[in-house]
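Novice: Here's a structure for you.
Residue numbers (our numbering): 11 to 74.
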């Protein structure tokens with residue numbers, strides 16, 4: 011599993027990309043406890059969407 015420092019760096023990268031590419035954007039971030047994700051495997055709200063999350067890319071299943 012990733013360390014908290016790596017997670018912070020990844021979050022900073024994502025927010026930096028949004029900041030550089032969009033003049034006005036609203037970002038909503040969900041914080042999930044590590045123990046919950048570890049127990050459930052994948053968070054249920056993610057399972058119910060068509061989103062595919064990888065290390066470097068977020069896309070919908072229709073784009074795969």
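No residue lacks a Cβ here, since even glycine has one placed at the ideal position from N, Cα and C.
Since residue 35 and residue 28 should fall inside the 8 Å C-beta cutoff, what is the C-beta to C-beta distance between them, to a whole number of angstroms?
Specialist: Reading the chain shown from its first residue, position 25 is the one you call residue 35. Reading the chain shown from its first residue, position 18 is the one you call residue 28. Correct: roughly 5 Å between the Cβ atoms.
Novice: Rounded to a whole number of angstroms, what is the C-alpha to C-alpha distance between residue 43 and residue 49?
Specialist: As a working mapping, residue 43 is identified with position 33 in the chain shown. As a working mapping, residue 49 is identified with position 39 in the chain shown. Approximately 10 Å between the Cα atoms of the pair.
Novice: Answer yes or no: do residue 7 and residue 39 have a C-beta to C-beta separation smaller than 9 Å?
Specialist: The shown model of the chain, from 11 to 74, leaves out residue 7, and the question about it has no answer.
Novice: Give every residue of the same chain whose Cβ lies closer than 8 Å to the Cβ of residue 37, excluding the five residues on either side of it in the sequence, and list them in chain order.
Specialist: As a position in the chain shown, residue 37 is number 27, starting the count at 1. If we look at residue 37 and ignore the five residues flanking it on each side, its Cβ neighbours are 25, 28.
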